[in-house]
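For reference, the structure is listed below as structure tokens.
Protein chains in written order, with our numbering: chain A, 305 to 418; chain B, 36 to 147.
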């Protein structure tokens, strides 16, 4: 049973390009959370998704950012028209439900905008 | 406002020494509190999880305590090792919701 898989591990984009970050949850997990970590700062909640549903996107910037978790396939965090300030580590976590179950983190995707 | 504050922000100790990290939270109502260890460049890994009814939980050389009345938790590391160098993050879950509220972490460096 593989852990939470994120890819790519490192992503370099020029300003104005699109970044697509993928997260495959652990087997049997239907809940996915995305967090952003700026250099030297803590993790900040972005969005919480269940299969085919966005439950809470209160941490997502209003523009350029979107997330999905389709019935089949990984969860995708999409950043359009990236800017330098989007450079950060993006972590995904998954859990089997809303209860007290453990949430496991992936290794993150480090986005660098040049 | 639901917040989690950790202290100290950073800490340097010698190998073999003990240390204690602090976490104060204002999250209410509270469901559980977790301590994570995050190595540089890697995702956080869970060390302990405690509900409001638990006062202490151990995981090897890591011992977490919780005082739900004062809304304080501590993580005690015994006989530190070089591999303990990492960020330690306190995470509090808001009761009845999915939201995990993260502290900014304590950066621990263990020197030989």
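Where is the CB? At the ideal position from N, CA and C, for every residue including glycine.
* Distance, Cα to Cα, residue 400 of chain A vs residue 389 of chain A? -> Here residue 400 of chain A is taken as the residue at index 96 of the first chain, counted from 1. Here residue 389 of chain A is taken as the residue at index 85 of the first chain, counted from 1. Roughly 32 Å separates the two Cα atoms.
* **Distance between beta carbons of residue 413 of chain A and residue 312 of chain A, contact taken as under 8 Å** => Counting from 1 along the first chain, the entry for residue 312 of chain A is found at position 8. Counting from 1 along the first chain, the entry for residue 413 of chain A is found at position 109. With 8 Å as the limit, residue 312 of chain A and residue 413 of chain A qualify as a contact, their Cβ atoms being about 6 Å apart.
* **The beta strand (DSSP E) enclosing residue 45 of chain B, as first and last residue numbers** => Against the second chain, residue 45 of chain B aligns to sequence position 10. Residues 45 to 49.
* **Interface residues of chain A facing residue 137 of chain B [CB-CB closer than 7 Å]** => Residue 137 of chain B sits at position 102 when you count from the first residue of the second chain. Residues of chain A passing the Cβ test: 346 and 347.
* Nonlocal neighbours in the same chain, by C-beta distance under 8 Å from residue 73 of chain B, ignoring five residues either side -> For the purposes of this step, residue 73 of chain B is identified with residue 38 of the second chain, where counting begins at 1. Only 79, 80, 121, 122, 123, 124 and 140 meet the Cβ criterion.
* To do: In angstroms with no decimal places, state the Cα-to-Cα distance between residue 331 of chain A and residue 77 of chain B.
  => Start at 1 with the first residue of the first chain, and residue 331 of chain A comes out as number 27. Start at 1 with the first residue of the second chain, and residue 77 of chain B comes out as number 42. If you take the alpha carbons of residue 331 of chain A and residue 77 of chain B, they lie about 21 Å apart.
* Option nearest residue 396 of chain A by Cα separation, candidates A/348, A/362, A/418 and A/343 -> The sequence position of residue 396 of chain A within the first chain is 92, counting from 1. Ranking A/348, A/362, A/418 and A/343 by Cα distance to residue 396 of chain A puts A/348 first.
* **residue 52 of chain B, enclosing beta strand (DSSP E) - first and last residue** => Residue mapping note: residue 52 of chain B aligns to position 17 of the second chain, counting from 1. First-last for residue 52 of chain B: undefined, no H or E at that position.
* To do: Would you list the residues sitting across from residue 380 of chain A in a DSSP beta bridge?
  => Numbered from its first residue, the first chain carries residue 380 of chain A at position 76. Residue pairing for residue 380 of chain A: DSSP places it in a beta bridge opposite A/326 and A/372.
* Selection from B/52, B/128 and B/101 that minimises the alpha carbon distance to residue 58 of chain B -> Here residue 58 of chain B refers to the residue found at position 23 of the second chain. The shortest C-alpha separation from residue 58 of chain B is found at B/101.
* To do: Evaluate residue 110 of chain B with the Cβ neighbour count: other Cβ atoms within 10 Å of its Cβ, from every protein chain shown; 16 or more gives buried, anything less gives exposed.
  => Your numbering for residue 110 of chain B matches position 75 in the second chain. Classification of residue 110 of chain B: buried, given that the 10 Å Cβ count is 16 or more.
* To do: Report yes if the C-beta distance between residue 117 of chain B and residue 97 of chain B is below 8 Å; otherwise report no.
  => Along the second chain, one-based indexing puts residue 117 of chain B at 82. Along the second chain, one-based indexing puts residue 97 of chain B at 62. For residue 117 of chain B and residue 97 of chain B, no; Cβs fall outside 8 Å.
* Asked: Any beta-carbon of chain B closer than 8 Å to the one on residue 323 of chain A?
  -> Residue mapping note: residue 323 of chain A aligns to position 19 of the first chain, counting from 1. Chain B, which has no Cβ nearer than 8 Å to the Cβ of residue 323 of chain A, makes this no.
* Output yes or no for whether 8 Å exceeds the beta carbon distance between residue 64 of chain B and residue 130 of chain B. => For the purposes of this step, residue 64 of chain B is identified with residue 29 of the second chain, where counting begins at 1. For the purposes of this step, residue 130 of chain B is identified with residue 95 of the second chain, where counting begins at 1. In contact: residue 64 of chain B and residue 130 of chain B (Cβ atoms closer than 8 Å).
* **Minimum C-alpha distance to residue 366 of chain A - residue among A/318, A/383, A/343 and A/324** => Locating residue 366 of chain A in the first chain gives position 62, where the first residue counts as 1. Checked all of A/318, A/383, A/343 and A/324; the closest Cα to residue 366 of chain A is A/383.
* Supposed contact pair residue 318 of chain A and residue 387 of chain A - C-beta distance, whole angstroms, cut 8 Å -> To locate residue 387 of chain A, count along the first chain from 1; it is residue 83. To locate residue 318 of chain A, count along the first chain from 1; it is residue 14. That pair is no contact at about 11 Å.
* Closest by C-alpha distance to residue 37 of chain B, when choosing among B/136, B/146, B/144 and B/147 -> The residue labelled residue 37 of chain B in the question sits at position 2 within the second chain. Nearest C-alpha to residue 37 of chain B: B/136.
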